[in-house]
Structure formats: structure tokens, C-alpha cells
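Student: Below are the C-alpha cells for one structure; questions will follow.
In this note's numbering, the protein residues as written are 142 to 273.
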């Protein structure tokens, strides 16, 4: 994917961050260090702040664009996600549908369109991580 494929919004919010590991466009990211992002590993980002969705595919230590709330964006999906359902981070930088209750999950947005072929159109929402 490339920028025109990731961002589905007239006024996207984009931040510049450094890759802490190899990242693929569409991956969900969390802040792992000073201005540095890594792929999410679970539904709570391990207590770290959710950063956004990667606009670029990059190697470790390269700069990339990160799309932030309240932008509509395409993200790499894990499993089925129905339109209108809340979305949480998942393993390997993917996003998934919130299964039940809030628990220790960090809701990062909702599906604008159902997931298809491992990609979901979602609206990012501001979500402070208060689970840790």
C-alpha cells in the first residue's frame, strides 16, 4: 500500500516518527521510545500509548508517516470486522474487532466498512490508554 491507499480522508492528521523495527504500511503502531514506534502486540498496547497507523513500509531506524485520530484510514486487519464495530490493536501490527466488554482493551476506532482481504476502513478515535 502507499499513501493514497492508506488515507481515506480529506484532512488527515499525520505525524513523523522513527521506526523501531521493520514496519508495513497499514500496521497499527504504539510509541515505544522517544519519537519511535513499533507494531502493536496486543489489545492494550502493553500499556504504551497508541500512535496511529503506518503510512509507509520502512526498515528499522527509517522515518515514516503515522496517521492519527480523527482520520479515516485503511488498516491491516486480523479476522472479520463488521461495519460499525469497535476496533482494538492486535498482534503483529494488525487491528481486530472488539470481542466483548472493555476489559484491558484499548479502543482505537470503529469500522466504517467491513474488513475485506485483510484490510479494514476505519475511523481512528482519540483513545487514552488507562488500562495500566
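Where is the CB? At the ideal position from N, CA and C, for every residue including glycine.
Please report how far the alpha carbon of residue 257 lies from the alpha carbon of residue 215, in whole angstroms.
Tutor: 11 angstroms
Student: Confirm, please, whether the CB-CB distance from residue 169 to residue 234 is below 8 angstroms.
Tutor: Yes, they are a contact pair.
Student: By how many angstroms is the C-alpha of residue 236 removed from the C-alpha of residue 265?
Tutor: 11 angstroms
Student: Take residue 162 as the anchor and find which of 199, 187 and 189 has the nearest alpha-carbon.
Tutor: 199
Student: Would residue 195 and residue 232 qualify as a contact pair, given that the criterion is a beta-carbon distance under 8 angstroms?
Tutor: no
Student: Just verifying my parser: in three-state terms, what is the DSSP assignment at residue 143?
Tutor: Confidence in residue 143 is poor, its pLDDT being 44 and thus under 50, which makes the residue's placement unreliable; the coordinate value appears in the next sentence. Coil at residue 143, not helix or strand.
Student: Three-state secondary structure (DSSP) at residue 259?
Tutor: coil
Student: What residue range does the beta strand (DSSP E) around residue 170 cover?
Tutor: 169–174 is the extent of the beta strand (DSSP E) around residue 170.
Student: Does the segment 218–230 come close enough to the segment 179–189 to have 3 or more Cβ pairs within less than 8 angstroms?
Tutor: yes
Student: Starting from residue 183, trace the beta strand (DSSP E) both ways and give me its first and last residue.
Tutor: Taken as a continuous stretch (DSSP letters only), residue 183 belongs to no beta strand (DSSP E), as it is neither H nor E.
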